[in-house]
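K.L.:
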């Protein structure tokens, strides 16, 4: 039982937890949080594979590590867009208030 | 059972507990705070997996900047938080069972991974001297898979386009809104005055050191973005208008320079994005300097959100 295996099992559990949150949470922002939990678990699986690929004097296979770095940035971009969409949706579907002076034109 | 293994088990359990708590708690703010803690703990896990570059990126971007965006969203949606529908217990049970099966399947895959683990490390090591850098992850990002990194710049800008497109028509041309610290002489301003210069030096150091040690343009760019956001929060800088030419130039300079260098590689008879070994280090540094500017600008603006009417008072 190496440390890579322990974190691999942790990653498998995180994927399950994140997916459960993504499916069952009704609130959009909580779905986004669960999506990021899920993403963290998937990236961790990549990290376990990278750690097990240690060879040639490196501590880990650099290719999965680079993929995870790229994936983190892309996940951040997707999260940013999703949050902006959620806020805009809330803004557009909010019941109009009497004293609101937001532009009615979306 | 060595001490390191015990630490790993404890860390893995802690990460799991925080993730479960973030999922089941009823309060949205608690869930976001739990997510930020989860991200920082995940950074520790990455260090235990000896992937320090990824640990830096996870904490800075995955936990820090994503957490900042989520906290802003939570503060915007205060009072409009529907609680989970408790009557739909059957759907929740089915989802729980299916997620459990998925986790069990992934756990089986982890336990059955092939034992001479397949790896590209020898291939990466064999060509490392010709890339001009000593950090193999930087070599993969900037040389072997430079095309992916170039496209990633474009993805950041595209996501920003999407965020900006969600502005209302009458808010176009204005600036995004960053909530300012209410107390003009408060702790936040002091923190910004002390921390921002240190942060800028640290981010530039991370960029430079990324050639041979853990670090790089993404990590440095994320710290720069955090410093800019801190400046805006403390009131020392105003969010820029989206039509600002300097801002737009700084957003595209990373991808544009990458493209120019790539086409130059093609023009000098080699291949797209081929760096001649004699100039490889210099070209990578040039690209990374442009990248850190673009990455910092794009990350900050994605966190800042779409422009709002009256945002550029």
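Chains as they are written, first to last, in the working numbering: chain R, 1 to 106; chain H, 1001 to 1313. Note that CB positions come from ideal geometry on N, CA and C, so glycine has one too.
Does DSSP put residue 64 (chain R) in a helix, in a strand, or in coil?
P.N.:
Position 64 of the first chain, counting from 1, holds the residue named residue 64 (chain R). Residue 64 (chain R) falls in the helix class under three-state DSSP.
K.L.:
Taking the Cβ atom as the reference point for each residue, do residue 73 (chain R) and residue 1218 (chain H) lie within a distance shorter than 8 Å?
P.N.:
Residue mapping note: residue 73 (chain R) aligns to position 73 of the first chain, counting from 1. Residue mapping note: residue 1218 (chain H) aligns to position 218 of the second chain, counting from 1. Their beta carbons are under 8 Å apart, which means residue 73 (chain R) touches residue 1218 (chain H) by this criterion.
K.L.:
Who are residue 1176 (chain H)'s beta bridge partners in DSSP?
P.N.:
In the second chain, residue 1176 (chain H) corresponds to position 176, counting from 1. Partner(s): H:1307.
K.L.:
What are the residues in the region 62-79 of chain R lying within 9 Å of chain H by C-beta distance?
P.N.:
Those residues of the region 62-79 of chain R that come within reach of chain H (Cβ to Cβ, closer than 9 Å) are 62, 63, 64, 65, 66, 67, 68, 69, 70, 72, 73, 74, 75, 76, 77, 78 and 79.
K.L.:
With 8 Å as the limit, tell me which residues of the region 1135-1158 of chain H have their beta carbon closer than that to any beta carbon of chain R; keep them in chain order.
P.N.:
Those residues of the region 1135-1158 of chain H that come within reach of chain R (Cβ to Cβ, closer than 8 Å) are 1136, 1137, 1139, 1140, 1141, 1144, 1145, 1148, 1149, 1152, 1155, 1156 and 1158.
K.L.:
Which of helix, strand or coil does DSSP assign to residue 1049 (chain H)?
P.N.:
For the purposes of this step, residue 1049 (chain H) is identified with residue 49 of the second chain, where counting begins at 1. Residue 1049 (chain H) falls in the coil class under three-state DSSP.
K.L.:
According to a CB-to-CB cut-off of less than 7 Å, which residues of the region 1156-1185 of chain H neighbour chain R?
P.N.:
Result list: 1156, 1159, 1162, 1163, 1166, 1168, 1169 and 1170.
K.L.:
Below 8 Å on the Cβ atoms is my guess for residue 34 (chain R) versus residue 1121 (chain H); work out the distance and round it to an integer in Å.
P.N.:
On the first chain, position 34 is the one that residue 34 (chain R) refers to. On the second chain, position 121 is the one that residue 1121 (chain H) refers to. With a Cβ gap of about 34 Å, residue 34 (chain R) and residue 1121 (chain H) do not count as contacting.
K.L.:
Have a look at H:1240, H:1251 and H:1286 and flag the residue whose alpha-carbon is nearest the alpha-carbon of residue 1157 (chain H).
P.N.:
Translated into the one-based positions of the second chain, residue 1157 (chain H) becomes position 157. Among H:1240, H:1251 and H:1286, the Cα nearest to that of residue 1157 (chain H) belongs to H:1251.
K.L.:
Let's test the definition: count the other Cβ atoms within 10 Å of the Cβ of residue 1270 (chain H) and tell me whether it reaches 16, buried, or not, exposed.
P.N.:
Here residue 1270 (chain H) refers to the residue found at position 270 when the second chain is read from its first residue. That one is exposed.
K.L.:
Given this structure, state the Cα-to-Cα distance separating residue 105 (chain R) from residue 1161 (chain H), to the nearest angstrom.
P.N.:
By one-based count along the first chain, residue 105 (chain R) stands at place 105. By one-based count along the second chain, residue 1161 (chain H) stands at place 161. Unreliable placement is indicated for residue 105 (chain R), whose pLDDT of 45 sits below 50; no coordinate value is reported for it.
K.L.:
Taking the beta carbon of residue 1090 (chain H) as the centre, do at least 16 other beta carbons fall within 10 Å, making it buried, or is it exposed?
P.N.:
In the second chain, counting from the first residue as 1, residue 1090 (chain H) sits at position 90. When all chains shown are included, residue 1090 (chain H) counts as exposed.
K.L.:
Report the neighbours of residue 35 (chain R) on chain H: residues whose CB is nearer than 7 Å to its CB, in chain order.
P.N.:
Numbered from its first residue, the first chain carries residue 35 (chain R) at position 35. Near residue 35 (chain R) there are no residues of chain H at all, since even the closest Cβ is about 10 Å away, more than 7 Å.
K.L.:
With a 10 Å radius around its C-beta and 16 neighbouring C-beta atoms as the bar for buried, classify residue 65 (chain R) as buried or exposed.
P.N.:
Translated into positions along the first chain, residue 65 (chain R) becomes position 65. Residue 65 (chain R) should be labelled buried.
K.L.:
For a quick check, are the C-beta atoms of residue 38 (chain R) and residue 57 (chain R) less than 8 Å apart?
P.N.:
Looking up residue 38 (chain R) in the first chain gives position 38. Looking up residue 57 (chain R) in the first chain gives position 57. In this structure, residue 57 (chain R) does not lie closer than 8 Å to residue 38 (chain R) by Cβ.
K.L.:
Tell me, to the nearest whole angstrom, how far the beta carbon of residue 1253 (chain H) is from that of residue 1294 (chain H); I am working on the premise that it is less than 8 Å.
P.N.:
Your numbering for residue 1253 (chain H) matches position 253 in the second chain. Your numbering for residue 1294 (chain H) matches position 294 in the second chain. Residue 1253 (chain H) to residue 1294 (chain H), Cβ: 6 Å. Contact.
K.L.:
Return no unless some Cβ of chain R is closer than 8 Å to the Cβ of residue 1230 (chain H).
P.N.:
To locate residue 1230 (chain H), count along the second chain from 1; it is residue 230. No - not a single Cβ of chain R is within 8 Å of the one on residue 1230 (chain H).
K.L.:
Taking its Cβ as the centre, do 16 or more other Cβ atoms sit within 10 Å of residue 1112 (chain H), making it buried, or is it exposed?
P.N.:
Reading the second chain from its first residue, position 112 is the one you call residue 1112 (chain H). So residue 1112 (chain H) counts as exposed.
K.L.:
Between the beta-carbon of residue 1074 (chain H) and the beta-carbon of residue 1176 (chain H), is there less than 8 Å?
P.N.:
Here residue 1074 (chain H) corresponds to residue number 74 of the second chain, with the count starting at 1. Here residue 1176 (chain H) corresponds to residue number 176 of the second chain, with the count starting at 1. Contact: no.
K.L.:
If the criterion is Cβ atoms closer than 8 Å, does the pair residue 1261 (chain H) and residue 1229 (chain H) meet it?
P.N.:
Along the second chain, one-based indexing puts residue 1261 (chain H) at 261. Along the second chain, one-based indexing puts residue 1229 (chain H) at 229. For residue 1261 (chain H) and residue 1229 (chain H), no; Cβs fall outside 8 Å.
K.L.:
Using a beta-carbon distance cut-off of less than 8 Å, what residues from the region 1057-1069 of chain H approach chain C?
P.N.:
Absent from the structure: chain C. Protein chains present are R and H.
K.L.:
Does the beta-carbon of residue 30 (chain R) have 16 or more other beta-carbons within 10 angstroms, so that it is buried, or is it exposed?
P.N.:
On the first chain, residue 30 (chain R) is found 30 positions in, with the first residue counted as 1. Residue 30 (chain R) should be labelled buried.
K.L.:
From residue 1168 (chain H) to residue 1248 (chain H), what does the alpha carbon distance come to, in whole angstroms?
P.N.:
Within the second chain, numbered from 1, the residue matching residue 1168 (chain H) stands at position 168. Within the second chain, numbered from 1, the residue matching residue 1248 (chain H) stands at position 248. Their backbone Cα atoms lie some 20 Å apart in a straight line.
K.L.:
For residue 1268 (chain H), which of helix, strand or coil comes out of DSSP?
P.N.:
Within the second chain, the letter at position 268 stands for residue 1268 (chain H). If DSSP states are grouped into helix, strand and coil, residue 1268 (chain H) belongs with coil.
K.L.:
How big is the Cα-Cα spacing for residue 8 (chain R) and residue 62 (chain R)?
P.N.:
Position 8 of the first chain, counted from the first residue, corresponds to residue 8 (chain R). Position 62 of the first chain, counted from the first residue, corresponds to residue 62 (chain R). If you take the alpha carbons of residue 8 (chain R) and residue 62 (chain R), they lie about 18 Å apart.
K.L.:
Give me the chain R residues within the contact set of residue 1262 (chain H), using Cβ-Cβ distance strictly less than 7 Å, ordered along the chain.
P.N.:
Walking along the second chain from the start, residue 1262 (chain H) turns up at place 262. Residues of chain R passing the Cβ test: none, with the nearest at roughly 17 Å.
K.L.:
Please report the straight-line C-alpha distance between residue 1255 (chain H) and residue 1027 (chain H), rounded to a whole angstrom.
P.N.:
The sequence position of residue 1255 (chain H) within the second chain is 255, counting from 1. The sequence position of residue 1027 (chain H) within the second chain is 27, counting from 1. Whole-angstrom Cα-Cα distance: 40 Å.
K.L.:
Using only the alpha-carbon positions, how far apart do residue 103 (chain R) and residue 1022 (chain H) sit?
P.N.:
Counting from one through the first chain, the residue named residue 103 (chain R) turns up at place 103. Counting from one through the second chain, the residue named residue 1022 (chain H) turns up at place 22. Because residue 103 (chain R) sits at a pLDDT of 47, beneath the cut-off of 50, its placement in the model cannot be relied upon, and the following sentence gives the value as read from the coordinates. Roughly 36 Å between the two C-alpha positions.
K.L.:
Taking beta-carbon pairs under 7 Å, can you tell me which members of the region 1121-1136 of chain H lie near chain R?
P.N.:
Result list: 1121, 1122, 1124, 1125 and 1136.
K.L.:
Pick helix, strand or coil for residue 28 (chain R), following the three-state DSSP scheme.
P.N.:
Residue 28 (chain R) sits at position 28 when you count from the first residue of the first chain. Three-state result, residue 28 (chain R): helix.
K.L.:
Check residue 1153 (chain H) in the structure and name its three-state DSSP category.
P.N.:
As a working mapping, residue 1153 (chain H) is identified with position 153 in the second chain. Here residue 1153 (chain H) sits in helix by DSSP.
K.L.:
Quick check on the DSSP output: the alpha helix (DSSP H) that includes residue 1069 (chain H) runs from which residue to which?
P.N.:
Taking the first residue of the second chain as 1, we reach residue 1069 (chain H) at position 69. Counting along the chain, the alpha helix (DSSP H) containing residue 1069 (chain H) begins and ends at 1066-1076.
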